[in-house]
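Step one of this worksheet: look at the structure below.
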Amino acid sequence: MRTLKEIPCGERVKVTKLTGEGAVKRRIMDMGITKGIDIFVRKTAPLGDPVEVTVRGYELSLRKADAEMILVE
């Protein structure tokens, strides 16, 4: 499985699993990223961190460390 960190710009993916534990996982879920949700990768910063994605109709910036915890297909 790939993580959200590995997805190139302009690609749409579906969340299959959230790794991580406790407060970090809860924070990701509070941002609207849950199993089965479609995510569109809009762009990445010049040095690769953060990644800007569209989730549930709004734009969201994620650190690469957080994006690595989101498994997608």
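Going by full-length UniProt numbering, 4 is the number at position 4 of the sequence shown; the sequence numbering is gapless. Note that CB positions come from ideal geometry on N, CA and C, so glycine has one too.
- With DSSP as the reference, label residue 49 as helix, strand or coil. For the purposes of this step, residue 49 is identified with residue 49 of the sequence shown, where counting begins at 1. Of the three classes helix, strand and coil, the one that applies to residue 49 here is coil, per DSSP.
In whole angstroms, give me the CA-to-CA distance for residue 52 and residue 31.
On the sequence shown, position 52 is the one that residue 52 refers to. On the sequence shown, position 31 is the one that residue 31 refers to. Near 13 Å, if we compare the C-alpha coordinates of residue 31 and residue 52.
Item to complete: Ignore the nearest five residues each way along the sequence and tell me which others in residue 9's own chain have a CB closer than 8 Å to its CB.
Response: As a working note, residue 9 is residue 9 in the sequence shown. Hits under 8 Å: 41, 42, 43, 44.
Residue closest to residue 20, alpha-carbon to alpha-carbon, out of 37, 1, 29, 14
Locating residue 20 in the sequence shown gives position 20, counting from the first residue. When each option's Cα is compared against that of residue 20, the closest is 29.
Going by DSSP, what residues sit across from residue 43 in a beta bridge?
Position 43 of the sequence shown, counted from the first residue, corresponds to residue 43. Note: residue 43 sits in a beta bridge opposite 52.
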